[in-house]
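Under UniProt numbering, residue 444 is the last one in the sequence shown; the count climbs by one each step, no gaps.
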Amino acid sequence: MTELSPLDAGFMEIENADRHISLGIGAVAIIEGPAPTRESFRAGLDRGLEVHGRLRQRVHRSRFDLATPLWEDDPNFDLAHHVRWTSLPKPGDEQALRELVATELAEQFDRDHPLWDVVVVENLGGGRWAMIVRAHHSVVDGISGLALFESFCDPGADGQGARHEMRSRAGMFGTAAGALRLLWTVPRIAADAVRVLTPVIYAAVAPASDSSLNGPIGRQRRYAVARTSLPQAREIAAAFEVTVNDVAVAAIAAAYRRLLQARGEKPTPDKLRMMVPVSMRADDAKYVPDNRVSAIIVQLPIEFEHPVERLNAVHERIARHRLRGEAEAEKSLLELAEWLPYGVVAWVFRTASRFPQRGVGVLATNIPGPPHRLTLGGRKVLEIWPCIPIAMRVRTTVAVLSYTDQLTFGITGDYDTNPDIDEIASGIATEVAVLLAHARGRPA
Numbered sequence: 001m002t003e004l005s006p007l008d009a010g011f012m013e014i015e016n017a018d019r020h021i022s023l024g025i026g027a028v029a030i031i032e033g034p035a036p037t038r039e040s041f042r043a044g045l046d047r048g049l050e051v052h053g054r055l056r057q058r059v060h061r062s063r064f065d066l067a068t069p070l071w072e073d074d075p076n077f078d079l080a081h082h083v084r085w086t087s088l089p090k091p092g093d094e095q096a097l098r099e100l101v102a103t104e105l106a107e108q109f110d111r112d113h114p115l116w117d118v119v120v121v122e123n124l125g126g127g128r129w130a131m132i133v134r135a136h137h138s139v140v141d142g143i144s145g146l147a148l149f150e151s152f153c154d155p156g157a158d159g160q161g162a163r164h165e166m167r168s169r170a171g172m173f174g175t176a177a178g179a180l181r182l183l184w185t186v187p188r189i190a191a192d193a194v195r196v197l198t199p200v201i202y203a204a205v206a207p208a209s210d211s212s213l214n215g216p217i218g219r220q221r222r223y224a225v226a227r228t229s230l231p232q233a234r235e236i237a238a239a240f241e242v243t244v245n246d247v248a249v250a251a252i253a254a255a256y257r258r259l260l261q262a263r264g265e266k267p268t269p270d271k272l273r274m275m276v277p278v279s280m281r282a283d284d285a286k287y288v289p290d291n292r293v294s295a296i297i298v299q300l301p302i303e304f305e306h307p308v309e310r311l312n313a314v315h316e317r318i319a320r321h322r323l324r325g326e327a328e329a330e331k332s333l334l335e336l337a338e339w340l341p342y343g344v345v346a347w348v349f350r351t352a353s354r355f356p357q358r359g360v361g362v363l364a365t366n367i368p369g370p371p372h373r374l375t376l377g378g379r380k381v382l383e384i385w386p387c388i389p390i391a392m393r394v395r396t397t398v399a400v401l402s403y404t405d406q407l408t409f410g411i412t413g414d415y416d417t418n419p420d421i422d423e424i425a426s427g428i429a430t431e432v433a434v435l436l437a438h439a440r441g442r443p444a
């Protein structure tokens, strides 16, 4: 048995504090051809189970939660607890699939069993089928979650799809050495982290201007998708000397600007803060099932009307936050938290989750997906939609995923307060088209 990290355990505490949320991270694969037989589909799942031992483990909590929760093997593991088959009603269109995804995102996992599930969706229009893969945020982050989905797919030419094994934690000697290092470095790390993170903490707790994007959330969800071209995003990035991530965030900023205006709200400079998770995962840890993320909080430049000015402002603001080392400072504090009693760590997350935060209005994350075409049972995976949860009064989240030549935005929203969620999707697609026109010298 291994202990949950402070961040992994923290996600459990956040979910415990709000009965309206489910912290499952998902990927929706659209696959050509008819759905496979149950027998052939089981072969892909068996590959994933072989690679990811965590899929057979559940969370064990101590009496009164006095000790850190542990991952333990589920003595009654049964694949039937984790796999469901369903069929879309005719005509099996994308709207029906998105409604199903929204329903799945609202469902909490059964804590008596490992925290993941798969839904096979038959009767998707165009002679296709879909697979919804979800895992709790305590099990995976965006990158390791996508690696989980990849492990269910067919092995590549080099067989990598089934060969990656979980890397164990450091041995006793490495742990002892780490403890000795901490005795010397804790004061410096803590002081530096507090200094760097002071503006981040202020941005998280200081109320922003009143916005319909922040507030209590209900039990139901909505889900929307925006598709854009990855080569076009790269063309825009090259033309304006920014990153593809900057282009994605600028498109999101434009979409929220239009949404707020449509709702009769003025897009002022202090209106919208966005939390942007930053991956701290090394390349050789892609297949380790845990969370290795930090975050920065950026003031979205929704006050700018001109798209290129908005893009440049996004680039400058994100670069400024990265130069401060905020993400690295948060990572250092989380590492220090591993040496604190679990009760203290749990209390911090419980308190934070119950605090009515009004500083952040949206969360967006960019997940690099496979550049090559995946197959499952010999059939092409045509698209992958990312989907992430909402929590802590943030009523919408946006996940951006690259796959082959497509950049897909998956938008999750609270059902009652986001009846216009499709406006975010259309606003993103429109902004990418507008920026592309400017990059080519033909602004619309």
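Think of the CB as a built atom: it goes at the ideal place given N, C-alpha and C, for glycine as much as any other residue. In this text, all values refer to a predicted model and were calculated from it rather than measured experimentally.
Residue burial classification, residue i (beta-carbon count within 10 angstroms, cutoff 16)
{"i": "MET1", "result": "exposed"}
{"i": "PRO6", "result": "buried"}
{"i": "PRO307", "result": "buried"}
{"i": "GLY427", "result": "buried"}
{"i": "GLU13", "result": "buried"}
{"i": "residue 445", "result": "Beyond the ends of the chain as shown, which are 1 and 444, falls residue 445; an answer cannot be given."}
{"i": "SER353", "result": "buried"}
{"i": "LYS271", "result": "buried"}
{"i": "TYR403", "result": "buried"}
{"i": "SER40", "result": "exposed"}
{"i": "ASP78", "result": "exposed"}
{"i": "PRO231", "result": "exposed"}
{"i": "GLU104", "result": "buried"}
{"i": "ARG38", "result": "exposed"}
{"i": "ARG54", "result": "buried"}
{"i": "GLU305", "result": "exposed"}
{"i": "GLU15", "result": "buried"}
{"i": "ASP372", "result": "First, the amino acid is wrong: residue 372 is His here, not Asp. HIS372 should be labelled exposed."}
{"i": "ARG320", "result": "exposed"}
{"i": "PHE355", "result": "exposed"}
{"i": "LEU323", "result": "exposed"}
Pair within 8 angstroms by beta-carbon distance, residue i and residue j
{"i": "ALA233", "j": "VAL101", "result": "no"}
{"i": "residue 445", "j": "ASP18", "result": "Here the chain covers residues 1 to 444 and nothing more, so residue 445 does not appear."}
{"i": "VAL59", "j": "PRO69", "result": "yes"}
{"i": "GLU383", "j": "ILE30", "result": "yes"}
{"i": "GLY44", "j": "GLY377", "result": "yes"}
{"i": "ILE296", "j": "TYR256", "result": "no"}
{"i": "ALA248", "j": "ALA439", "result": "no"}
{"i": "VAL133", "j": "ALA27", "result": "yes"}
{"i": "ALA399", "j": "ILE390", "result": "no"}
{"i": "TRP71", "j": "LEU4", "result": "yes"}
Selected residue, minimal CA-CA separation from residue i, among the options
{"i": "HIS81", "options": "PRO34, TRP71, GLY125, ARG56", "result": "ARG56"}
{"i": "THR86", "options": "ALA226, VAL120, ILE297", "result": "VAL120"}
{"i": "ARG47", "options": "SER151, GLN95, LYS380, THR430", "result": "SER151"}
{"i": "LYS380", "options": "ASP154, GLU3, ILE296", "result": "ASP154"}
{"i": "ARG258", "options": "ALA429, HIS52, ASN214", "result": "ALA429"}
{"i": "ILE252", "options": "VAL298, LYS266, HIS372, ARG221", "result": "VAL298"}
{"i": "THR268", "options": "MET275, VAL276, ALA254", "result": "ALA254"}
{"i": "PHE11", "options": "ALA147, MET392, THR37", "result": "MET392"}
{"i": "VAL118", "options": "ASP110, ALA106, MET131", "result": "MET131"}
{"i": "residue 452", "options": "TRP71, GLU3, GLU72, GLY127", "result": "As shown, the chain starts at 1 and ends at 444. That puts residue 452 outside it, with no answer to give."}
{"i": "GLU122", "options": "ARG84, GLN108, ALA135", "result": "ARG84"}
{"i": "TRP385", "options": "ILE367, HIS372, THR375", "result": "ILE367"}
{"i": "ARG273", "options": "GLU235, THR397, ILE388", "result": "THR397"}
{"i": "ALA147", "options": "GLN220, GLY361, ARG442, LEU374", "result": "LEU374"}
{"i": "GLU94", "options": "LEU124, PRO114, VAL400", "result": "LEU124"}
{"i": "MET275", "options": "GLU32, ALA319, GLY361", "result": "GLY361"}
{"i": "GLU32", "options": "HIS113, ALA67, LEU23, TRP129", "result": "TRP129"}
{"i": "HIS315", "options": "VAL242, PHE355, ALA364", "result": "VAL242"}
{"i": "ILE421", "options": "ARG322, LEU260, GLU309", "result": "LEU260"}
{"i": "ASP246", "options": "ALA346, ARG61, THR365, ALA135", "result": "THR365"}
{"i": "ARG111", "options": "VAL140, ARG61, ALA96, PRO89", "result": "ARG61"}
Beta-carbon proximity list for residue i, same chain, < 7 angstroms, skipping 5 on both sides
{"i": "ARG395", "result": "LEU213, ASN214, GLY215, ILE217, GLY413, ASP414, THR417, ASN418"}
{"i": "PRO370", "result": "GLU150, TYR403"}
{"i": "ARG350", "result": "GLU13, ALA17"}
{"i": "SER209", "result": "THR268, ASP270, LYS271"}
Sequence-distant residues of the same chain with beta carbon closer than 8 angstroms to residue i, five excluded per side
{"i": "THR228", "result": "ALA251, GLN406, LEU407, THR408, PHE409, ILE428, ALA429, VAL432"}
{"i": "SER211", "result": "LEU260, GLU265, LYS271, LEU272, GLY361"}
Beta-carbon proximity list for residue i, same chain, < 6 angstroms, skipping 5 on both sides
{"i": "ARG98", "result": "TYR223"}
{"i": "ALA226", "result": "PHE409, ALA425, ILE428, ALA429"}
{"i": "LEU435", "result": "ILE236, PRO307"}
{"i": "LEU49", "result": "LEU55"}
Below-8 angstroms beta-carbon distance, residue i vs any chain C residue
{"i": "ASP246", "result": "The displayed structure is made up of one protein chain only, and chain C is not part of it."}
Residue ranges of each beta strand (DSSP E) within the stretch 6 to 44, 3 or longer = 24 to 32
Completely contained alpha helix (DSSP H) runs for the UniProt domain "O-acyltransferase WSD1 C-terminal" (291 to 431), where each covers 4 or more residues = 307 to 324, 326 to 337, 342 to 354
4 or more residues per run - each alpha helix (DSSP H) lying fully within the stretch 222 to 275 | 230 to 240, 244 to 262
Which whole runs of the alpha helix (DSSP H) in the stretch 74 to 106 are 4 residues long or more, in chain order?
-> 94 to 106
Which ranges would you report for the alpha helix (DSSP H) in the stretch 132 to 157 if only whole runs of at least 4 residues count?
-> 142 to 152
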